[in-house]
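Below is one structure, written out as C-alpha cells; comments come after it.
Number of protein chains: 2
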Amino acid sequence: MRIRPMESSSTPSGGSTRREATRQKLYEAAVTLIAEQGFSATTVDEIAERAGVAKGTVYYNFASKSVLFEELLRHGVGLLTASLREAAEQTARDGGSKVDALDAMIRAGLGFIARYPSFTQLYVAELYRTNRAWQSTLMVVRQQVNAAIEDVLHAGVANGEFSPEIDVRLTAAALVGMVLVAALDWQSFQPERSLDDVHSALSRLLQGRVSGDR
Amino acid sequence: MRIRPMESSSTPSGGSTRREATRQKLYEAAVTLIAEQGFSATTVDEIAERAGVAKGTVYYNFASKSVLFEELLRHGVGLLTASLREAAEQTARDGGSKVDALDAMIRAGLGFIARYPSFTQLYVAELYRTNRAWQSTLMVVRQQVNAAIEDVLHAGVANGEFSPEIDVRLTAAALVGMVLVAALDWQSFQPERSLDDVHSALSRLLQGRVSGDR
DNA sequence: GTTTTTGCACTGACCAGTCAGTTCAAAAGA
DNA sequence: TCTTTTGAACTGACTGGTCAGTGCAAAAAC
Numbered sequence: 001m002r003i004r005p006m007e008s009s010s011t012p013s014g015g016s017t018r019r020e021a022t023r024q025k026l027y028e029a030a031v032t033l034i035a036e037q038g039f040s041a042t043t044v045d046e047i048a049e050r051a052g053v054a055k056g057t058v059y060y061n062f063a064s065k066s067v068l069f070e071e072l073l074r075h076g077v078g079l080l081t082a083s084l085r086e087a088a089e090q091t092a093r094d095g096g097s098k099v100d101a102l103d104a105m106i107r108a109g110l111g112f113i114a115r116y117p118s119f120t121q122l123y124v125a126e127l128y129r130t131n132r133a134w135q136s137t138l139m140v141v142r143q144q145v146n147a148a149i150e151d152v153l154h155a156g157v158a159n160g161e162f163s164p165e166i167d168v169r170l171t172a173a174a175l176v177g178m179v180l181v182a183a184l185d186w187q188s189f190q191p192e193r194s195l196d197d198v199h200s201a202l203s204r205l206l207q208g209r210v211s212g213d214r
Numbered sequence: 215m216r217i218r219p220m221e222s223s224s225t226p227s228g229g230s231t232r233r234e235a236t237r238q239k240l241y242e243a244a245v246t247l248i249a250e251q252g253f254s255a256t257t258v259d260e261i262a263e264r265a266g267v268a269k270g271t272v273y274y275n276f277a278s279k280s281v282l283f284e285e286l287l288r289h290g291v292g293l294l295t296a297s298l299r300e301a302a303e304q305t306a307r308d309g310g311s312k313v314d315a316l317d318a319m320i321r322a323g324l325g326f327i328a329r330y331p332s333f334t335q336l337y338v339a340e341l342y343r344t345n346r347a348w349q350s351t352l353m354v355v356r357q358q359v360n361a362a363i364e365d366v367l368h369a370g371v372a373n374g375e376f377s378p379e380i381d382v383r384l385t386a387a388a389l390v391g392m393v394l395v396a397a398l399d400w401q402s403f404q405p406e407r408s409l410d411d412v413h414s415a416l417s418r419l420l421q422g423r424v425s426g427d428r
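So the protein lines, in turn, are chains A and B. As numbered in my numbering, residues 1 to 214 make up the first sequence, in order. As numbered in my numbering, residues 215 to 428 make up the second sequence, in order.
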C-alpha cells in the first residue's frame with residue numbers, strides 16, 4: 001500500500017514570500033504524516049523534522065497544530081473544488097451535456113487524487129469525525145466539494161437532461177464516495193493502472209453500462 | 215451531525231459469560247468514542263469510564279488498546295459481510311437477477327449503517343491509514359467486504375447479465391464508496407429520512423436511471 | 001533594522017500499561 | 001443446610017514516558 005505525498009502545488013500565487021515557502025513545506029510534511037498516522041498520532045516535532053525546520057518555526061507560522069491542520073484542509077479543498085468547477089465549465093464551453101460534465105468532473109477528481117493522494121486519504125479519514133476542534137471547517141470544505149457536483153445535477157434537472165426525481169444531495173454524496181473510494185483503491189493497490197483505465201470503469205458505472213445490453 | 219452509537223447486537227450466542235458481557239460493553243463504548251475522535255485521540259480511561267468498568271478490566275479483557283480495536287473491527291465487519299451475503303443469497307433463492315442482488319446488498323448495507331453508524335464512521339476513517347499496528351487486520355476485513363460484492367459481479371459476468379468489460383474490482387470499490395458516503399451523509403445530516411427513500415436514490419444511480427429518459 | 005528562523009531547554013498535562021489487592025459466585029466439603 | 005475454598009473477574013492508584021506549547025537569545029535573511 002503505497003501512497004505518494006502531496007507535492008507542492010507550486011502555486012506561489014499572491015505573495016511568494018519566504019514565509020509562504022516555509023508554510024508550504026510545512027503543509028507538505030504535515031499532509032503525508034497525518035494521512036499515514038492520523039492527526040493525533042502525528043507530533044509537531046515530526047512535522048518540523050520532515051519539513052526541515054525548527055519546531056519554533058511551526059509556531060511562528062501557525063498558532064497551533066490544529067490551526068495548521070485547518071489551513072491545510074482549506075488549502076487542499078480549494079485546489080480540488082477549483083479543479084472540479086474548471087472541468088465542468090470546460091465541458092459547458094465545448095457544448096457538452098451535463099452527463100459529460102459529470103464525467104469530466106470524475107476525471108478531474110481522479111486526477112486530483114492521483115496528484116495528492118495523501119491529502120485525499122486525510123480528507124476521507126477526517127470527513128465524518130465529530131466533536132473535533134476543526135469540525136466547522138470540515139463542514140465548510142465538505143459542502144464546497146459537494147456543492148460543485150450538486151450544481152451540475154441541478155442544472156441537468158433544470159434543462160431536462162436528468163430526471164426531476166433524482167435526489168440531488170444524496171446523488172452528489174454517492175458520486176463523491178464512488179470516486180473517493182475507487183480512487184484510493186486504485187492508488188493503494190493498483191497504482192500502475194492509468195487514469196484513463198480507472199476513469200472508464202467509473203464512467204461505465206455512472207452511465208449504467210454495467211448490464212450487458214448496449 | 216448526530217450519529218447513534220453501535221448498540222449491542224444482543225447476540226449472547228455461544229457463551230453468555232460475564233466476561234462476554236463486559237467485552238460487549240467495551241466494544242460499544244469504544245466504537246462510539248473512536249468514531250467521534252479517532253483511535254489515537256481516544257483514551258483507554260475514557261473507554262473504561264463509558265463502559266462503566268475500571269481501566270484494569272480493559273486490560274484484563276484485551277491485550278492492548280490496539281487489540282481491542284482490531285477485535286472490534288473484525289466483529290463489526292463480520293456482521294456486515296454476513297448481512298451482505300445473506301441479502302445476495304436471498305435474491306438468488308427468489309430467482310432474482312444479479313442486479314436485484316446488488317440492489318438487495320445496497321439495501322442491506324444501508325440497513326447495517328443505520329444500525330451501526332458509529333462503526334461505519336470508524337471503518338471509513340481508518341480504511342486508508344497506512345503504517346498502523348492493525349494494518350493487516352484492516353486489509354483482511356476490507357477484502358471480506360469487497361469480496362462479497364465482487365462475487366456477485368463475477369457471477370453476473372459469468373451468466374451474461376453484466377458486460378464482460380466491467381472492472382470487477384474497481385466497480386466493487388466504487389459501489390462500497392457510493393453506499394458508505396451516501397449513507398453517512400444520510401445519517402449525519404438527514405437522519406429523519408427513511409431507508410427506502412435513500413435506497414431508491416442509490417438504486418436509481420446504480421441502474422443508470424439518472425438521465426431523464428425512461 | 002525588521003522579519004523570520006533557529007536551537008534548545010523547560011513545563012505541565014496527559015496517557016498506556018502494570019500490579020497488588022479485592023470481590024463474589026459457585027464448587028467442594030462437612 | 002451451612003461453611004470454606006477457589007479462582008476468574010475486576011479494581012484503581014501508580015509509573016514511566018510522551019508531547020503540545022513556551023521562552024528567549026542569537027543568527028540569518030531580506
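Idealized CB from N, CA, C, for every residue including glycine.
Reduced DSSP category for residue i - H, G, I as helix; E, B as strand; rest coil
| i | result |
| --- | --- |
| A/Phe62 | coil |
| A/Pro5 | Legend: pLDDT at A/Pro5 = 49, less than 50; position of this residue unreliable, no value from coordinates given. |
| B/Ala268 | coil |
| A/Ser40 | coil |
| B/Asn345 | coil |
| A/Gly177 | helix |
| A/Tyr116 | coil |
| A/Gly95 | coil |
| A/Arg193 | coil |
| B/Asp399 | helix |
| A/Thr17 | coil |
| B/Asp365 | helix |
| A/Asp45 | helix |
| B/Asp381 | coil |
Residue i: CB within 8 Å of a non-hydrogen atom of the ligand SAH
| i | result |
| --- | --- |
| A/Leu68 | Absent from the structure shown: the ligand SAH. Ligands present: none. |
Sub-9 Å separation of residue i and residue j beta-carbons
| i | j | result |
| --- | --- | --- |
| A/Gly208 | B/Val424 | yes |
| B/Ala388 | B/Lys312 | no |
| A/Glu126 | B/Ala339 | yes |
| A/Val44 | A/Val67 | no |
| B/Val412 | B/Tyr337 | no |
| A/Ile113 | B/Arg418 | no |
| B/Ala255 | B/Gln335 | no |
| A/Gly38 | B/Phe253 | yes |
| B/Arg383 | B/Asn360 | yes |
| B/Ala415 | A/Thr171 | yes |
| B/Leu394 | B/Leu316 | no |
Touching by the beta-carbon criterion (3+ pairs, under 8 Å), the region 234-241 of chain B and the region 261-280 of chain B: yes
Inter-stretch contact at 8 Å, needing at least 3 Cβ pairs: the region 349-365 of chain B / the region 169-184 of chain A: no
Touching by the beta-carbon criterion (3+ pairs, under 8 Å), the region 90-98 of chain A and the region 124-140 of chain A: no
Three-pair Cβ contact test at 8 Å for the region 407-414 of chain B versus the region 186-196 of chain A: no
Where the region 232-263 of chain B meets chain A: residues whose CB sits under 8 Å from a CB there: Ala249, Glu250, Gln251, Gly252, Phe253, Ser254 and Ala255
Meets three-Cβ-pair contact criterion under 8 Å: the region 69-79 of chain A and the region 26-41 of chain A: yes
Proximal residues, the region 316-342 of chain B versus chain A, C-beta separation under 8 Å: Gln335, Val338, Ala339, Glu340, Leu341 and Tyr342
Inter-stretch contact at 8 Å, needing at least 3 Cβ pairs: the region 104-111 of chain A / the region 74-88 of chain A: yes
The region 410-424 of chain B: positions lying closer than 9 Å to chain A by Cβ: Asp411, Val412, Ser414, Ala415, Leu416, Arg418, Leu419, Leu420, Gln421, Gly422, Arg423 and Val424
Members of the region 386-397 of chain B near chain A, C-beta cut-off 8 Å: Ala387, Ala388, Leu389, Val390, Gly391, Met392, Val393, Leu394, Val395 and Ala396
Interface positions of the region 278-308 of chain B facing chain A (Cβ-Cβ less than 9 Å), listed along the chain: none
Under 9 Å (Cβ pairs) to chain A, residues found in the region 365-383 of chain B: Leu367, Gly370, Val371, Gly374, Glu375, Phe376, Ser377, Pro378, Glu379, Ile380, Asp381 and Arg383
Residues, ordered as in the chain, of the region 136-149 of chain A that lie near chain B by beta-carbon distance below 7 Å: none
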